[in-house]
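Top line first, the protein sequences correspond to chains A and B. Letter by letter, the first sequence follows residues 5 to 219 of the numbering used here. Letter by letter, the second sequence follows residues 5 to 219 of the numbering used here. These notes concern the structure reproduced below.
There are 2 protein chains.
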Amino acid sequence: MRRKSRTGDGDGNTRQRILDAAERLLAEKSYHAVSTRMITEAAEANTAALHYHFGTKEAVVQAIFERRLGPINRKRIKLLDAFENQQEPDLEEVLKAFIGPTLMLNASEGERYFKMLSSNISMDPSEELRRFSFDFYREVGEKFVRLIARVCPHLTPEELFWRMGCVYGAMVYIRADNGRLQLILGHELSFRNDTRGLEMMARFLAAGLKAPAVF
Amino acid sequence: MRRKSRTGDGDGNTRQRILDAAERLLAEKSYHAVSTRMITEAAEANTAALHYHFGTKEAVVQAIFERRLGPINRKRIKLLDAFENQQEPDLEEVLKAFIGPTLMLNASEGERYFKMLSSNISMDPSEELRRFSFDFYREVGEKFVRLIARVCPHLTPEELFWRMGCVYGAMVYIRADNGRLQLILGHELSFRNDTRGLEMMARFLAAGLKAPAVF
DNA sequence: AAATAAGTCAAGCGTTTGTTTGAAATGTCT
DNA sequence: AGACATTTCAAACAAACGCTTGACTTATTT
C-alpha cells in the first residue's frame, strides 16, 4: 500500500523525484502551464522542498538541463570535432553527429521526456526561456553552423540562414513529437524509433542543403 | 493627450482592440504566459469586456484564428485543388501553394503577429491547444499530405511520415521566427522577407522529399 | 550522547489567475 | 422624448500562483 503522506521518512531522494516529475510534466505541457504545486504533488513532495532544493521554478528547469545535456553536448562536440580536419566531410554524417545525440534518447523514460521537454523550451517564445536555449546550445550550435557553411559553399549567408531554419525546425518538431501530424496522417506512427529516424532525417536534410541555390 | 480611462466613450471597437492586443501578446509569449488582464490592459479595455465579447480566454484565440485563417485556408485549398487533376505536379509548386499563404503574411502588423502566434499555438504541447490545430488545419492538411504522397511514391508510409515531420517542422519554426537562430549565426537576418524565403524553402523541402528513400 | 547540519512539514505570505456581478452609460428604435 | 437592448464600468469572487516561514524530524559528526 502506497502511503499518501510521506511524513518524516526523509529518504533523501526528494530532489530526484522533483526533477523526474518536472521532466514529465514539462514534456506534456508548456513551462507556464506547469505550476510548482503540480510538480511537487506529482513528486509526492512538499511545495517548500522544491524551493529548498532549487530556489526557483526556473532553476528546476536549469537543473533538468544540466542533468541531461552535459553528456549529450560532450558527445556532439566530440563527433563534430572529428570532421574539423577533414577535407570534405560527408553532409549526412555531419547531420547525424549533430542530431543523433539529441534524438537518440530512449534509454529511460526520463530521457524520452527530456527529448520532448527540451524541444518545447526551444520553441517557447517567452523571453525568459530564450536565454536558456542560448546558454546551453550556443557552443555546439556555432560549431555545427561553421561546419555546414563549409560544406555548403554554394549558399549565400541569407540562403544558408533560411535552410538552417529548415534544419532546426525539423529537429525541434520531430523531437517534440506532439502528435499533431499523426492526427492528419491518420495512422499510429510516432517519432520514437530514432535509429531509423536519424537515417531518414539525415537523408532529407542533406538533400535539402545540397540543392542548388535559388539566389 | 491620450486619456487613461476610457470611461463610457463606447466607441464600439473594443472587440477589435482586444483581438489586436491578444494577437500581439500571443506572438511574444506562450498562451499560458499571457493573462486576460495583460490583454485587456494592452487593449485599454475593461477585464469584463473580454468575457462579454468572447466568453473565455480560449474563445479569444478561437476568434483570432477565425478572423485570419479563413481567407488563408481558402487560398490554400484553391491552389492545391489545381494540382489534383494534374498528372505530375511540380513538387516545389505544391509546397509553395501550401506554405505560401501562411508565410506571406506581411500586409499588416496584425498579420505578422498572427504568423508567429499561430506557429506558437501549433507547437504548444498542452492538450487544450492541440484540438485547435486539428480543427483549423485538418482539411487542408489532409489534402496536402495526399498530394505529397502521390508525388512521392518512392517513400514508404513510415519514411513519408518522418519527411513530413521535417516539412512541418521547417514551416512552424520559420513562421515562429523566435530569434534563436540569429543568436547562433550572429547576424541580423530574419525570416520576414518571405517572397524570397518561400522560394528558398520550397527548394530545400522539395529536394529533401525527392531524395532517394533510405528504407 | 550531545551538537550540528540537512531535510521535510503544515501553514500562510502577498499577488495574480479566469471569471462574474450589478449598476451605469451608450446606442438604436419608435 | 421614452423605451429597450447593447456595451462598459469598478468591484469582487474563489482558486491558484511562486515563494517563505518557523517548527520539527532525520542524518552526520564528534
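The C-beta atom is built at its ideal place from N, Cα and C for all residues, glycine as well.
Asked: Extent of the continuous alpha helix (DSSP H) run through E48(B); Found: Unbroken run through E48(B): none, as it is neither H nor E.
Asked: CB contact check: T199(A) to chain B, cutoff 8 Å; Found: no
Asked: For F69(A), three-class secondary structure by DSSP; Found: helix
Asked: Integer-rounded CB distance, given that V144(B) should sit under 8 Å from R71(B); Found: Not quite, the Cβ-Cβ distance comes to about 17 Å (not below 8 Å), so this is no contact.
Asked: Residue of R179(A), A211(A), R134(A) and N17(A) minimising C-alpha distance to G104(A); Found: R179(A)
Asked: Where Y35(B) falls, given that 16 or more other Cβ within 10 Å makes a residue buried; Found: buried
Asked: Supposed contact pair P129(B) and N77(A) - C-beta distance, whole angstroms, cut 8 Å; Found: Not confirmed; about 23 Å, so no contact.
Asked: Collapsed DSSP secondary structure at R207(A) in the structure displayed; Found: helix
Asked: Helix, strand or coil at T11(B) according to DSSP, with G and I counted as helix; Found: Confidence is the limiting factor: at T11(B) the pLDDT is only 36, short of 50, which leaves the residue's position unreliable, though a coordinate-based value still follows. If DSSP states are grouped into helix, strand and coil, T11(B) belongs with coil.
Asked: Neighbour-count burial assignment, T18(A), 16 or more Cβ in a 10 Å radius; Found: buried
Asked: Selected residue, minimal CA-CA separation from I125(A), among L23(A), E27(A) and I22(A); Found: E27(A)
Asked: Members of the stretch 57 to 83 of chain A that neighbour chain B once the beta carbon cut-off is set at 7 Å; Found: none
Asked: Partner residues on chain B for H191(A), Cβ-Cβ distance less than 9 Å; Found: P161 and F165
Asked: Among S123(A), R196(A), M168(A) and E115(A), nearest to R150(A) - alpha-carbon criterion; Found: M168(A)
Asked: Helix, strand or coil at Q90(A) according to DSSP, with G and I counted as helix; Found: coil
Asked: Contact check, G212(B) vs C170(B), beta carbons under 8 Å; Found: yes
Asked: Simplified DSSP assignment, three categories, for H57(B); Found: helix
Asked: Extent of the continuous alpha helix (DSSP H) run through A31(A); Found: T18 to E32
Asked: Beta-carbon contacts of V64(B) that lie in its chain and below 6 Å, excluding the five residues immediately before and after; Found: A26 and F58
Asked: Cross-chain neighbours of K33(A) in chain B, by beta carbon under 7 Å; Found: P129 and S130
Asked: Where the alpha helix (DSSP H) through S194(A) begins and ends; Found: S194(A) -> no alpha helix (DSSP H), and no H or E assigned at all.
Asked: Inter-residue spacing [alpha-carbon to alpha-carbon] between V218(B) and E97(A); Found: 14 Å
Asked: Proximity of R184(A) and R134(B) at Cβ, strictly below 8 Å; Found: yes
Asked: Neighbourhood of L73(B) by C-beta distance below 8 Å, restricted to the same chain and skipping five residues each side; Found: S122 and F140
Asked: L107(B) versus E62(B): straight-line alpha-carbon distance, rounded; Found: 24 Å
Asked: Identity of the residue in I22(B), R196(B) and M204(B) nearest A111(B) by Cα; Found: R196(B)
Asked: Min CB distance F195(A) to chain B below 8 Å; Found: yes
Asked: Helix, strand or coil at P157(B) according to DSSP, with G and I counted as helix; Found: coil
Asked: Interface flag, Y172(A) vs chain B, CB-CB below 8 Å; Found: yes
Asked: Assumed close pair A101(B), L83(B) - CB separation to whole angstroms, cut-off 8 Å; Found: 4 Å
Asked: Within-8 Å CB hit, M205(B) to chain A; Found: yes
Asked: Limits of the unbroken alpha helix (DSSP H) element including S126(B); Found: E113 to M127
Asked: Three-way DSSP call (helix, strand, coil) for L109(A) in this model; Found: coil
Asked: Which listed residue (T40(B), R154(B) and S137(B)) has its alpha carbon closest to that of Y56(B); Found: T40(B)
Asked: Beta-carbon neighbours of S137(A), restricted to chain B and to distances below 7 Å; Found: R184
Asked: A217(B), DSSP secondary structure in three states; Found: coil
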